[in-house]
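Remarks on the structure that follows.
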Amino acid sequence: HGQYYDLLNIFELNGLPSEDNPYLFNGDFVDRGSFSVEVILTLFGFKLLYPDHFHLLRGNHETDNMNQIYGFEGEVKAKYTAQMFELFSEVFEWLPLVHCINGKVLIMHGGLFSEDGVMLDDIRKIERNRQPPDSGPMCDLLWSDPQPQNGRSVSKRGVSCQFGPDVTKSFLESNHLDYIIRSHEVKPEGYEVAHDGKCVTVFSAPNYCDQMGNKGAYIHLQGSDLQPEFHQFTAVPHPNIKPMVYANSLLQMGML
């Protein structure tokens, strides 16, 4: 989320990306924080250096409508040009939605689906090279959230759904997976384990928007069974440019 100096701190804590030190970043690289250009160019640079060991998944903020409201479009136009924003938008449409590690752990930015019966093969067939629709599997992968109670309910975000432990259990059993990792929600400790250990949230932007006071976290996947090992960290200082300084306040009012 545009927190460039916290990104550098992750590399300080966990080592720079390399063939021996692979990374997967789980979406929402831009918007809100005012160093989104620096974040995304750094991530793209490492993707070019280590294409098979550095992975980027799309978040709901790697989309035009979010970027127009929450600052990335304004930041790119201030630092570069409108054409440069169009090029970023084009690249975002090619980002994968999901990553499956060793056939055991499924990673996506948002969460699971509004309907039962979605298989990994259905996910592979999603036409992803576009702006996401307002409903359906692509929308769910970018937008949904877990809830503690069984079943599904209407999302507090007004898009996609909230899904319960039974939904997670059924999806994992049908697809022979162990658990999912997702992001999309700020957590006080930087991570949260829910749904009987089957749904892990990781959030790597500490002191989100300079005001939440949360820790950030990243996950090491350990051993052949890919057990998650959580590493927490706190925010580091950054130049005095406030979050949302490039955001479009008129469009935000329209969203209320």
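Residue 113 is where the sequence shown starts when you use my numbering, and the numbers rise one by one after that. No residue lacks a Cβ here, since even glycine has one placed at the ideal position from N, Cα and C. No experiment lies behind these values; they were computed from the predicted model shown.
Residue from the options with nearest C-alpha to residue i
i       : options                               : result
Asp-308 : Val-279, Gly-302, Gln-334 and Gly-325 : Val-279
Ile-235 : Asn-287, Ile-331, Gly-325 and Asn-360 : Asn-287
Pro-351 : Ile-331, Asp-322, Leu-333 and Asn-326 : Asp-322
Val-210 : Ile-293, Asp-257, Glu-185 and Cys-273 : Ile-293
Phe-166 : Ala-194, Gln-274, Pro-208 and Met-196 : Pro-208
Gln-259 : Met-231, Cys-311, Leu-289 and Ile-238 : Cys-311
Asp-118 : Gly-139, Asp-140, Pro-134 and Val-151 : Val-151
Gln-274 : His-332, Leu-224 and Gln-344          : Leu-224
Val-149 : Asp-140, Val-188 and Asn-214          : Val-188
Val-230 : Lys-281, Glu-202, Ser-201 and Phe-342 : Lys-281
Span separating the alpha-carbon of residue i from that of residue j
i       : j       : result
Pro-340 : Ala-190 : 40 Å
Val-348 : Arg-144 : 17 Å
Lys-159 : Ser-267 : 33 Å
Tyr-192 : Ser-130 : 29 Å
Met-365 : Leu-338 : Confidence is the limiting factor: at Met-365 the pLDDT is only 49, short of 50, which leaves the residue's position unreliable, though a coordinate-based value still follows. If you take the alpha carbons of Met-365 and Leu-338, they lie about 44 Å apart.
Gly-270 : Pro-300 : 23 Å
Met-367 : Asn-177 : Because the pLDDT of Met-367 is 44, which lies under 50, any placement of that residue in the model is unreliable, and the number read from its coordinates should be weighed accordingly. So the two alpha carbons sit approximately 11 Å from each other.
Gly-248 : Met-356 : 30 Å
Glu-297 : Gln-115 : 16 Å
Tyr-330 : Leu-136 : 10 Å
Gly-157 : Asp-164 : 13 Å
Asp-132 : Asn-126 : 12 Å
Gly-222 : Gly-171 : 7 Å
Gly-276 : Glu-185 : 35 Å
Phe-283 : Asp-228 : 8 Å
Gly-263 : Asp-252 : 15 Å
Leu-128 : Gly-302 : 21 Å
Which residues DSSP lists as bridging residue i, in chain order
i       : result
Pro-258 : Phe-275
Gly-328 : Phe-345
Ser-146 : Per DSSP, none; premise fails for Ser-146.
Thr-313 : Arg-294 and Glu-304
Asn-217 : Per the sequence presented here, residue 217 reads as Val, with Asn not at that position. Paired residue(s): Ile-213 and Tyr-291.
Val-266 : Cys-273
Asn-179 : Note: Asn-179 sits in no beta bridge, so no partner.
Assigned exposure category for residue i - 16 Cβ within 10 Å defines buried
i       : result
Ser-336 : exposed
Asn-326 : buried
Thr-346 : exposed
Arg-240 : buried
Ala-359 : buried
Glu-124 : exposed
Ala-194 : exposed
Pro-245 : exposed
Ser-316 : buried
Ile-122 : buried
Trp-206 : exposed
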